[in-house]
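Working notes, beginning with the structure itself.
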Amino acid sequence: MIKKQHLETSKHIPQVKVNSVKELTDLIKTKKTILIADISNIPGSQFQQIVKKLRGKAIVKVPKKNLFLRALDSAKKEKAKELKNSLVKPVALLFSDLDSYDLASELIKNKSPSKAKPGQIAPKDLEIPAGPTDLVPGPAISELGALGIKIQIQGGKIEIKEPKVIAHAGSPISNSAAAMLSKLGILPFTIGFIPISAYDSIEEKIYTEIIIDSEGTLESLKSSYTQALAFAISIGQFNSETIRLIIQKAALQEKRFIKVISGEPDEVPVVEIQTPLVKKEEKHVNPTEGLASLFG
């Protein structure tokens with residue numbers, strides 16, 4: 003019995019596993035950031051493309067879970083051990099000297115459009131837009147009709163007469179809807195590494211629920227800029243951004259004062275603030291109303 007236990011405990015560990023644990027341990031000890039990314043449903047070819055794009059920015063590893071756990075224990079970094087909680091899906095490990103935010107941003111930039119598959123949940127209302135297509139009359143006519151899409155024939159090709167939603171947000175995509183989206187070249191999904199959590203060895207912190215919203219951040223900055231500029235003008239704060247507008251304000255107030263004295267009809271002065279081009283309509287800030295109140 004004793005001899006059997008001795009044989010089990012002295013079981014040989016393959017050198018390839020020993021080397022893998024050592025390599026992972028060294029990376030954990032030397033790299034600033036360890037990021038865990040979900041790689042579910044990523045085709046092998048696309049995985050390799052992403053790895054290639056990350057070359058020079060991150061080292062990508064997809065080790066077996068038990069090898070990474072051994073490496074975490076071997077590295078003796080207590081905070082990093084919290085990454086164990088993120089190993090619940092097929093994941094890749096990214097080791098980098100970039101900070102967590104910059105590395106996660108790189109992953110977002112490297113996402114690419116993907117076809118819809120039957121049964122996938124629509125991320126938003128999926129609409130077939132009105133307009134010409136490259137589809138020729140034939141089976142496609144009945145396929146479009148089955149989805150409730152109105153068509154007409156123009157120049158030997160099928161043209162969509164009016165837009166039609168064929169899959170609503172949060173609902174499974176049907177076989178026919180997925181097939182039609184593919185035929186029309188509509189790619190409603192994106193494929194790429196999805197950041198799950200990250201460890202910062204400099205700050206000794208774990209970041210979870212990593213959300214990169216560059217567009218939202220930009221919109222927030224534009225909104226803050228507009229508010230700050232309006233406030234600076236209202237209190238007479240002189241700087242390179244406000245001087246021209248304050249002079250405009252003074253000139254308009256002078257004209258208004260002259261009209262009041264002379265009895266001429268008053269006009270509402272308007273000063274336009276030049277802000278960076280905003281693609282989306284601002285929901286919380288109306289620059290025109292905010293500035294108009296300065297001259298009331």
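To get the numbering used here, take the position in the sequence shown, counting from 1, and add 2.
Where is the CB? At the ideal position from N, CA and C, for every residue including glycine.
Buried versus exposed call for residue i [16 or more other C-beta atoms within 10 Å across all chains shown]
| i | result |
| --- | --- |
| Lys91 | exposed |
| Ser242 | exposed |
| Glu80 | exposed |
| Phe240 | exposed |
| Phe70 | buried |
| Phe259 | exposed |
| Lys251 | buried |
| Ala253 | exposed |
| Glu108 | buried |
| Val138 | exposed |
| Pro190 | buried |
| Thr244 | buried |
| Gln17 | exposed |
| Val20 | exposed |
Test item: CB-CB of residue i and residue j under 7 Å
| i | j | result |
| --- | --- | --- |
| Ile27 | Ala73 | With the sequence shown as reference, residue 27 is identified as Thr, and Ile is not the correct amino acid for it. For Thr27 and Ala73, yes; Cβs fall inside 7 Å. |
| Ser102 | Tyr209 | yes |
| Ile38 | Ser88 | yes |
| Pro115 | Pro165 | no |
| Ser203 | Lys63 | no |
| Ile235 | Ile248 | yes |
| Ile44 | Ile175 | no |
| Leu85 | Tyr201 | yes |
Simplified DSSP assignment, three categories, for residue i
| i | result |
| --- | --- |
| Gln7 | Note that Gln7 has pLDDT 46, beneath the 50 cutoff, so the model's placement of it is unreliable and no number is given. |
| Ser203 | coil |
| Leu128 | strand |
| Gln156 | strand |
| Leu37 | strand |
| Ile52 | helix |
| Ile193 | strand |
| Ile15 | coil |
| Ser242 | coil |
| Ser173 | coil |
| Leu100 | coil |
| Ala118 | coil |
| Glu25 | helix |
| Ala94 | strand |
| Thr210 | strand |
| Glu256 | helix |
| Ile44 | coil |
| Lys63 | strand |
| Gln162 | The question names Gln, but residue 162 is Ile in the sequence shown. Reduced to three states, the DSSP call for Ile162 is strand. |
| Gly133 | strand |
8 Å contact criterion, which residue i and residue j should meet: CB distance rounded
| i | j | result |
| --- | --- | --- |
| Glu161 | Ile153 | 6 Å |
| Ala180 | Lys119 | 6 Å |
| Ser184 | Lys117 | 5 Å |
| Val167 | Leu128 | 7 Å |
Worksheet item: Counting pairs of beta carbons, one from the segment 77 to 95 and one from the segment 171 to 180, are three or more of them closer than 8 Å?
Response: no
Worksheet item: With a cut-off of 8 Å, do at least 3 Cβ pairs link the segment 193 to 209 to the segment 147 to 164?
Response: no
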